[in-house]
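Structure, as structure tokens:
In UniProt numbering, the protein residues as written are 1 to 481.
Listed below in structure tokens is the structure:
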């Protein structure tokens with residue numbers, strides 16, 4: 001039918017031709033439909049025409065990596081309209097193409113949210129070799145391989161040789177040389193939300209005075225900021241992962257009972273602390289709490305509120321919560337006052353350190369657990385003063401970027417993808433350096449609250465990156481399609 005065709009004018013050299021061809025379709029396949037993986041394909045489907053999406057739930061990560069290709073072989077219908085296949089590196093693309101030769105003719109784009117060659121496993125097992133091996137095979141089959149950061153790309157490519165030495169004998173050679181020409185860096189596109197309605201008076205979202213790019217909307221976990229008092233510091237630890245960072249575990253996502261604490265109202269946080277040095281959370285411990293930004297009164301200045309720290313990451317070992325809590329407990333032992341909000345996604349096995357830290361931190365805790373509401377999450381980030389990462393595994397860090405957009409001062413390891421994303425003054429090299437920075441901020445929270453972030457957030461926005469993604473997902477029809 002004529003409606004199935006598009007008339008395309010193409011200029012080539014000194015002559016012109018008219019080409020009739022079917023409307024191009026983009027096949028989006030996501031084997032782990034959650035976190036940043038879900039955000040990306042949802043965004044592409046919403047913003048780019050002619051996309052069709054097939055997914056598997058974000059559970060049992062290891063099983064998705066092992067078996068997703070067979071599932072999609074049976075559940076993706078054949079169509080002569082497909083022109084491009086876009087998938088994340090969870091999928092074994094080589095297996096899918098072998099099972100579905102019709103998809104092998106498409107332009108195949110593989111996107112890396114993370115790579116398995118550098119994942120810090122707790123206990124190395126030979127069977128884990130498969131996950132990195134699958135990603136290498138997928139790269140060999142793909143036409144274009146995109147990474148969410150230069151760190152992700154280089155750590156993957158430069159680890160291939162060492163990784164393949166795990167094979168007992170007859171090892172393949174020169175794989176990096178075969179794969180590198182296909183690779184490019186394409187930052188994860190963040191659609192920042194309009195958080196101006198959540199901002200406290202002393203805060204301003206980066207780029208909030210700009211044009212259309214200044215307020216970008218994105219379904220990502222939010223960061224919170226809190227006030228400080230001269231003697232008290234507040235820290236909020238949220239169970240959200242940088243935006244919707246992909247879960248690096250094969251465990252089912254869930255919210256264990258008792259992890260989700262009610263939110264403290266901003267009006268309560270504005271109340272002066274008592275002369276006895278009790279924190280707002282101690283005074284209101286028995287009262288029901290909830291975020292209500294309309295109650296912000298702004299009665300306390302920047303020096304009268306305790307520092308509010310937020311930790312918005314997955315509750316898993318690769319985010320190194322042990323290091324974070326050791327720093328906080330040391331601060332508490334020294335009599336420093338703060339509030340903390342621990343946000344982020346939780347799974348079947350929650351490290352014991354979380355329940356232990358919650359008891360020890362006591363009244364310093366403002367929020368504890370996953371916030372399912374996007375608005376609540378961003379409200380907390382807008383309340384907080386400092387956002388901390390102690391990760392041992394990070395290839396981009398949507399949650400940190402979101403928190404900074406909400407006005408938080410970032411403190412990140414001087415490693416992984418962070419030096420690529422944040423200026424040097426926001427990086428620390430050792431846990432002791434992190435402790436000293438937080439100690440100083442507890443004593444002078446006004447320094448953090450008056451600080452203007454010196455980095456650039458707009459380069460990570462969908463507004464800045466959509467042209468590159470559109471180019472990636474377009475192609476001229478080929479005669480063999």
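Every residue gets a Cβ at the ideal spot worked out from N, C-alpha and C, and that includes glycine.
When we look at the beta-carbon of residue 194 and count the other beta-carbons within 10 Å, is it buried (16 or more) or exposed? For this step, residue 194 is matched to residue 194 along the chain shown. Exposed, by the Cβ-count rule.
Beta-carbon proximity of residue 113 to residue 395, cut-off 8 Å: For this step, residue 113 is matched to residue 113 along the chain shown. For this step, residue 395 is matched to residue 395 along the chain shown. When the beta-carbon positions are compared, residue 113 and residue 395 come within less than 8 Å of each other.
Does DSSP put residue 83 in a helix, in a strand, or in coil? Counting from 1 along the chain shown, the entry for residue 83 is found at position 83. Strand at residue 83.
Looking at the strands, I want to know which residues DSSP matches up with residue 51. Walking along the chain shown from the start, residue 51 turns up at place 51. Answer is 26, bridged to residue 51.
Cβ neighbour criterion (16 or more within 10 Å) applied to residue 75: Taking the first residue of the chain shown as position 1, residue 75 is located at position 75. Residue 75 comes out exposed.
CB contact flag (residue 186, residue 468, <8 Å): On the chain shown, position 186 is the one that residue 186 refers to. On the chain shown, position 468 is the one that residue 468 refers to. Yes, Cβ-Cβ distance for residue 186 and residue 468 is below 8 Å.
Whose C-beta lies closer than 8 Å to the C-beta of residue 156 among residues of the same chain, with five residues either side of it excluded? Reading the chain shown from its first residue, position 156 is the one you call residue 156. If we look at residue 156 and ignore the five residues flanking it on each side, its Cβ neighbours are 112, 115, 117, 118, 135 and 147.
Suppose contacts are defined by Cβ-Cβ distances below 8 Å. Is residue 466 in contact with residue 47 by that definition? Here residue 466 corresponds to residue number 466 of the chain shown, with the count starting at 1. Here residue 47 corresponds to residue number 47 of the chain shown, with the count starting at 1. If you check the CB distance, residue 466 and residue 47 come in under 8 Å.
Could you pull out every residue in the same chain whose Cβ sits closer than 6 Å to the Cβ of residue 132, ignoring the five residues on either side in sequence? Position 132 of the chain shown, counted from the first residue, corresponds to residue 132. Around residue 132: 116, 117 and 163.
Assuming contact is defined by CB atoms lying nearer than 8 Å, are residue 83 and residue 25 in contact in what I supplied? Within the chain shown, numbered from 1, the residue matching residue 83 stands at position 83. Within the chain shown, numbered from 1, the residue matching residue 25 stands at position 25. Yes, the pair counts as a contact, with Cβ atoms nearer than the cut-off.
Give me the Cβ distance between residue 424 and residue 408, rounded to the nearest whole Å; I'm assuming they're in contact under 8 Å. Residue mapping note: residue 424 aligns to position 424 of the chain shown, counting from 1. Residue mapping note: residue 408 aligns to position 408 of the chain shown, counting from 1. Between the beta-carbon of residue 424 and that of residue 408 there is about 18 Å, and that puts the pair past the 8 Å contact cut.
So, using beta-carbon positions, are residue 320 and residue 392 closer together than 8 Å? Reading the chain shown from its first residue, position 320 is the one you call residue 320. Reading the chain shown from its first residue, position 392 is the one you call residue 392. Yes, the pair counts as a contact, with Cβ atoms nearer than the cut-off.
Backbone CA spacing between residue 128 and residue 390 [nearest angstrom]: On the chain shown, position 128 is the one that residue 128 refers to. On the chain shown, position 390 is the one that residue 390 refers to. When rounded, the distance between both Cα atoms is 25 Å.
Where residue 462 falls: helix, strand or coil (DSSP): For the purposes of this step, residue 462 is taken as the residue at position 462 of the chain shown. Correct three-state label for residue 462: helix.
For residue 165, which residues from the same chain have a beta carbon less than 8 Å from its beta carbon, with the 5 sequence-adjacent residues on both sides left out? Numbered from its first residue, the chain shown carries residue 165 at position 165. For residue 165, where only same-chain residues beyond five positions count, the Cβ hits under 8 Å are 171.
For my contact list, residue 411 and residue 388 are in at a C-beta cut-off of 8 Å; report their separation, rounded to the angstrom. In the chain shown, the residue the question calls residue 411 occupies position 411. In the chain shown, the residue the question calls residue 388 occupies position 388. That pair is a contact at about 5 Å.
Label residue 79 either buried or exposed according to how many other C-beta atoms from any shown protein chain fall within 10 Å of its C-beta, with 16 as the threshold for buried. Locating residue 79 in the chain shown gives position 79, counting from the first residue. Result: exposed.
Is it buried or exposed, residue 470, if we count other Cβ atoms within 10 angstroms and call 16 or more buried? For the purposes of this step, residue 470 is taken as residue 470 along the chain shown, with counting starting at 1. Answer is exposed; the Cβ neighbour count stays below 16.
Can you list, in chain order, the residues of its chain whose CB lies under 6 Å from that of residue 108, leaving out five sequence neighbours each side? Numbered from 1 along the chain shown, position 108 holds the residue referred to as residue 108. Result list for residue 108: 85, 142 and 143, in chain order.
When you measure from the CB of residue 166 to every non-hydrogen atom of the ligand FMN, does any distance come out below 7 Å? Although the ligand FMN was asked about, the structure shown includes no ligands whatsoever.
Measure the C-alpha to C-alpha separation of residue 361 and residue 326 and round it to an integer number of angstroms. Counted from its first residue, the chain shown places residue 361 at position 361. Counted from its first residue, the chain shown places residue 326 at position 326. It is roughly 11 Å from the alpha-carbon of residue 361 to the alpha-carbon of residue 326.
Buried or exposed for residue 161, going by 16 or more other Cβ atoms inside 10 Å? Indexing the chain shown from 1 puts residue 161 at position 161. Residue 161 should be labelled exposed.
When the Cα of residue 336 is compared with those of 438, 379, 399 and 400, which residue comes out closest? Within the chain shown, the letter at position 336 stands for residue 336. Residue 336 has its Cα closest to that of 438, out of 438, 379, 399 and 400.
In angstroms, rounded to a whole number, what distance separates the CA positions of residue 377 and residue 198? Indexing the chain shown from 1 puts residue 377 at position 377. Indexing the chain shown from 1 puts residue 198 at position 198. Each residue's alpha carbon lies about 11 Å from the other.
For residue 411, list the residues DSSP reports as bridge partners. Taking the first residue of the chain shown as position 1, residue 411 is located at position 411. Note: residue 411 sits in a beta bridge opposite 388.
Can you list the alpha helix (DSSP H) stretches of 4 or more residues lying completely in the UniProt domain "Glycosyl transferase family 1" (300-422), in chain order? Complete alpha helix (DSSP H) runs here, min 4: 321-333, 353-361, 374-383, 398-405 and 418-421.
Which same chain residues end up closer than 7 Å to residue 417 when comparing Cβ atoms and leaving out the 5 residues on each side of it in sequence? If you number the chain shown from 1, residue 417 lands on position 417. Listed in chain order, the non-local C-beta contacts of residue 417 below 7 Å within the same chain comprise 149, 151, 152, 394, 395, 396 and 397, local neighbours out to five positions each way being set aside.
Would you decide whether residue 37 is buried or exposed? Buried here means 16 or more other CB atoms lie within 10 Å of its CB. For the purposes of this step, residue 37 is taken as residue 37 along the chain shown, with counting starting at 1. By the 16-neighbour rule on beta-carbons within 10 angstroms, residue 37 is buried.
Is the distance from the Cβ of residue 191 to the Cβ of residue 43 below 8 Å? Here residue 191 is taken as the residue at index 191 of the chain shown, counted from 1. Here residue 43 is taken as the residue at index 43 of the chain shown, counted from 1. Yes; because the gap between Cβ atoms is below 8 Å, this pair is in contact.
Could you tell me the distance, in whole angstroms, from the CA atom of residue 304 to the CA atom of residue 353? Residue 304 sits at position 304 when you count from the first residue of the chain shown. Residue 353 sits at position 353 when you count from the first residue of the chain shown. Rounded to the nearest angstrom, the two C-alpha atoms are 31 Å apart.
Residue closest to residue 95, alpha-carbon to alpha-carbon, out of 77, 72 and 106: Here residue 95 refers to the residue found at position 95 when the chain shown is read from its first residue. That would be 72, whose Cα lies nearest to the Cα of residue 95.
Pick from 382, 168 and 41: whose alpha carbon is nearest that of residue 473? Position 473 of the chain shown holds residue 473. Selected option, being the one with the closest Cα: 41.
Would a C-beta distance cut-off of 8 Å place residue 98 and residue 68 closer than the cut-off? Looking up residue 98 in the chain shown gives position 98. Looking up residue 68 in the chain shown gives position 68. With contacts defined as CB atoms closer than 8 Å, residue 98 and residue 68 fail to qualify as a contacting pair.
Mind checking residue 462: buried by the 16 CB within 10 Å criterion, or exposed? Locating residue 462 in the chain shown gives position 462, counting from the first residue. Buried.
At the level of alpha carbons, what is the spacing between residue 179 and residue 103? Here residue 179 refers to the residue found at position 179 when the chain shown is read from its first residue. Here residue 103 refers to the residue found at position 103 when the chain shown is read from its first residue. The straight-line gap from Cα to Cα measures roughly 20 Å.
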